[in-house]
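Taken in order, these protein sequences are the chains called A and B. Taking this note's numbering, the leading residue of the first sequence gets 1, the next gets one more, and so forth. Taking this note's numbering, the leading residue of the second sequence gets 1, the next gets one more, and so forth. Virtual Cβ for every residue (Gly too), placed ideally from N, Cα, C.
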Amino acid sequence: MRLRFDRQLNWLHVELIKLGSLCEKAIALSARVLEARSDEVIDEILGVAAQIKAKEKELESYCMMLLLKQQPVAKDFREISAALKMVSDLERIGDQAADIADLSRHIRGETVHGLLHINDMAEATVKMVTASVDAFVKGNLQLAEKVMEDDDIVDSLFNQIKDELICMIQEKRIEAESALDLLMAAKYLERIGDHAVNLAEWVEYSVTGKRKNNEVPQNLW
Amino acid sequence: MTKKIFRSMLLLSMIVLVAAIGGVMGVLYHYFSENMSDTLRSEAMYLAVAVDDEGTGYLERLPAQTERITLIDGDGTVIYDNMADPSNMENHADRVEVKEAMERGYGESSRYSGTLSERTMYYAIRLSSGQVLRVANTHYTVFTLFGGLISPIVLILAGMLILSAVISSRVSRRIVEPMNVLDLDHLDQVPVYDELVPFVTKISRQKKTIKRQLADAKKQQEEFSVITENMQEGFLVIDSETEVLSFNKSALKLLHADYFAPKQSVLTLNRSEAFCQAVEAALGGEHTEAVLELGQKRCQLIANPVWEKKTVKGAILILIDVTEKMDREHLRREFTANVSHELKTPLTSISGYAEIIQNGFVRPEDVGKFAGKIFEESQRLITLVNDIIRISQLDEGLMPYEHEEIDLYEEAKETLVHLEPAARHRGISLSLNGEHFYISSVRTILHEVLFNLCDNAVKYNKENGSVRVTVGRQDGHVTLTVEDTGIGIPQEDQERVFERFYRVDKSHSREIGGTGLGLSIVKHGAASMGATIDMKSTLGEGTAITLRFPLAVETAQPDGPEQH
């Protein structure tokens, strides 16, 4: 019985790795699409996002099935509940990558890119997602910590881009529509960074049983 | 074991006990009955004689007796009884023993009482008066006797139980003990009883077989791991759940994993799409190949399914570092493209000039000039082809390979003499410094290398510049440095100038007339002589290229600097 359960947990782990890999691909592609627009790549991203969505549903019901049928406790329970949460964070990452791809269709004026730090931000976000998936795959707490720290870089880059855009709008160097789209794209990237941090926190939870800044109240009942 | 022995022992003693009791009781009972009937008979006879002589009064004078004595008249009426009132007793004429006595003179019989616990024996004898005298005695039956024996039997049984428990546990311990203390590692030296010997021999034989098989298996395992560990290629075996069963160091190195915990999915090592797909395809039963981008390197992944009874039990993954191979392939493609281009350019010119002449568009006095151009281009073509041939020879190691002692200084001097006219034409001064050092080398290759180096120094120099060649010694090496005051090589191109057909300034190459193979020849030539190349260059100021030869013989002859 335990052997079967172990195999099910193993399968879940492997599938999560695959889902993580898909998300990495989606966000890496959308970073590329921000740099140089390409309809082919946009279609590819949308395909990957659909794949991610399907996998999310599959893994979610699998986790539920495990919780119901195996009634796990202790570490097993942590692993499955963390997986359940990670699945939705990963799905959000995939979805927002697709949103960025969608937005990039409307952003005009390649010259704007060089002046903005949006590519730096995309690069930093891709790194964060990769690192958080890495942390999960290897169960590496240091990597998870690093992801949480790196979020500050992405956040400050977002503020910088916002200021830059304000400047450009005031100086009328950019179309208002493009400026808004760029701001949205930057916001999505910032959100993806937050999801990466969530992932890292769930990794920490599934390994140590503790959640940062989120202690469960002892006198709950 | 103890229980079994105990049970059989108890059973045995019970059987013995029952048999003994039965036998003894049967024999004794029979003996006692015989004895009693004898006593009864003789007693009856004595009494009969006495009664015959003295009449009934004798009986009444007898003291109280255990036996019952009855006197019965000829018609069966009881006349006397010593234990009951005769008037109350019924007629005894139909009693077996009385009847017999009436007929034959004596009779006997025995009857059980109502409870079967007692048995009464009768003996009757006919008196001369026709009366019958009957003597009776009562004794206990077998059952009563047995009933009396029950408590001692129970005692004996209890004793037997205890005794057989003790004995059986002892016996079984003694049987089992040699097996328990059996030292399985030294079976030959164990003292065992005879019945155990075949058992022990068989175990020891099997043990040896197992030991040998284990050793064989271990050896095979070691051989296998030595092979896989020393493989350049990465090697991974996974099961159908993608769990890693076996891996070697190269695999971890190629996949950039410094540590791998066992029993993990192979996807924890690499989760790129190509890798996932290859693993999935292999586990689906297909042979797959893919090229993985791993940081700076490229790896070829070969994934093969492992079949067992028509189901895929796992897969074998092999990783081969193909970075160099792909780079070489890239270079080769580039070389082919370059060669065709370099060959085509002069040929196009030649064909163009020839066509113009053929069509008669050239004035007769200009034909010479055109012929000159054609000659020039053909010369260029010949130089190029020669260079290509030379570089292929160096590449393939086909150049004559006779090593001889060569004075590097003299060789350099000779080269500079050759280049003197070209240098003078552009006002470039050539100088040679240093001492005479001998190196062991192949003259043609050395000449080729020196010529190309110095030729480059002159070609890529400024007007009125200078070229300085120095032969010296440094750290056990003979060095030859060619310095120029030329145009220099930009930092980003310094790595690539030794590549075939690589040019820093592509637009001016034709004016200068190089083939783009000079430094490539230098590189290959130096490599075949075992020399190393060191290049320092500053854009706009000049280039210094140093060749370091391994020192052959200590025959330095001090000689002053010579000017050319």
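Own chain residues within Cβ distance below 8 Å of residue i, not counting five before or after
i	result
LYS313 of chain B	ASP239, SER240, VAL306 and TRP307
LYS99 of chain B	ALA93 and GLY107
ILE42 of chain A	VAL33, ALA101, ASP102, SER104 and ARG105
GLU329 of chain B	none
ALA278 of chain B	THR288, GLU289, ALA290, LEU301, ALA303 and LEU317
GLN70 of chain A	PHE5, GLN8 and ASP76
ARG211 of chain A	GLU201, GLU204 and TYR205
Residues sharing a beta bridge with residue i, DSSP
i	result
ASN433 of chain B	B:THR470
HIS477 of chain B	B:GLN474 and B:PRO550
HIS139 of chain B	B:ARG119
ASN456 of chain B	DSSP, once it has assigned bridges, lists no residue as partnering ASN456 of chain B.
MET535 of chain B	B:ILE545
LEU236 of chain B	B:PHE247 and B:LEU317
LEU180 of chain A	None, per the DSSP bridge assignment.
SER110 of chain B	B:MET121
GLU54 of chain B	In DSSP, GLU54 of chain B forms no bridge with anything.
ASN304 of chain B	B:ILE316
Assigned exposure category for residue i - 16 Cβ within 10 Å defines buried
i	result
PRO346 of chain B	buried
ARG363 of chain B	exposed
GLY147 of chain B	exposed
ASP24 of chain A	Position check: residue 24 of chain A holds Glu in this sequence, whereas Asp was assumed. Buried is the call here.
SER61 of chain A	exposed
ILE227 of chain B	exposed
VAL18 of chain B	exposed
SER265 of chain B	buried
ARG548 of chain B	buried
ARG35 of chain B	As written in the sequence, residue 35 of chain B is Asn, which differs from the Arg given in the question. So ASN35 of chain B ends up on the exposed side.
CYS167 of chain A	exposed
LEU245 of chain B	exposed
LEU331 of chain B	exposed
LEU155 of chain B	exposed
LYS3 of chain B	exposed
GLN131 of chain B	buried
THR336 of chain B	exposed
LYS263 of chain B	exposed
ILE17 of chain A	buried
HIS256 of chain B	exposed
PHE199 of chain B	exposed
VAL176 of chain B	exposed
Sequence-distant residues of the same chain with beta carbon closer than 6 Å to residue i, five excluded per side
i	result
ASN461 of chain B	ILE428, ASP484 and GLY486
TRP202 of chain A	ALA82, LYS85 and MET86
THR138 of chain B	GLU118 and THR120
ASN82 of chain B	ILE69
LYS599 of chain B	What the structure shows of chain B is the stretch from 1 to 564, and residue 599 of chain B is not part of that stretch, so it cannot be assessed.
GLY285 of chain B	PRO305 and VAL312
CYS63 of chain A	ILE80, ALA83 and LEU84
GLU56 of chain A	VAL87 and GLU91
7 Å Cβ shell around residue i - same chain, five flanking residues per side excluded
i	result
GLN96 of chain A	TYR188, ARG191 and ILE192
GLY542 of chain B	GLU483, ASP484, THR485, GLY486 and GLY488
THR323 of chain B	LYS297 and ARG298
THR77 of chain B	ASN91
- prompt: Listed from N- to C-terminal order along the chain, which residues in the segment 255 to 274 of chain B have their beta-carbon within a distance smaller than 8 Å of any beta-carbon of chain A?
  reply: SER265, LEU267, THR268, ARG271, SER272 and GLU273
Positions along the segment 223 to 255 of chain B whose CB lies within less than 8 Å of some CB in chain A = GLU241, THR242 and GLU243
* Residues, ordered as in the chain, of the segment 14 to 32 of chain A that lie near chain B by beta-carbon distance below 7 Å -> VAL14, ILE17, LYS18, GLY20, SER21 and LYS25
Next item on the list: Go through the segment 315 to 376 of chain B residue by residue and report every complete run of the alpha helix (DSSP H) that reaches 4 residues or more, in order.
Entry: 323 to 358
| query | Can you give, in chain order, each stretch of the beta strand (DSSP E) that sits fully within the segment 24 to 104 of chain A and has at least 3 residues? | reply | Runs of the beta strand (DSSP E) inside the segment 24 to 104 of chain A: none found.
- Query: Going along the chain, which residues of the segment 291 to 303 of chain B sit with their C-beta nearer than 7 Å to a C-beta in chain A?
  - Reply: none
inquiry  = By the 7 Å beta-carbon criterion, what residues does the segment 117 to 146 of chain A contribute toward chain B?
reply    = VAL137 and LYS138
Could you give the uninterrupted runs of the beta strand (DSSP E) lying entirely in the segment 138 to 221 of chain B, keeping only those of 3 residues or more?
none
Residue ranges of each beta strand (DSSP E) within the segment 62 to 111 of chain B, 3 or longer: Within the segment 62 to 111 of chain B, the complete beta strand (DSSP E) runs of at least 3 residues are 68 to 72 and 78 to 81.
- Message: Beta carbons nearer than 8 Å to chain B: which residues of the segment 3 to 14 of chain A have them?
- Response: So the close ones are ARG7, ASN10, TRP11, HIS13 and VAL14.
Fully enclosed by the segment 262 to 296 of chain B, which alpha helix (DSSP H) runs are 4 residues long or longer?
At a cut-off of 4 residues, the continuous stretches assigned as alpha helix (DSSP H) that sit fully inside the segment 262 to 296 of chain B are 273 to 283.
Using a Cβ-Cβ cut-off of less than 7 Å, list which residues of the segment 428 to 456 of chain B approach chain A; keep chain order.
-> none
Whole alpha helix (DSSP H) runs in the segment 4 to 48 of chain B with 4 or more residues, listed along the chain?
none
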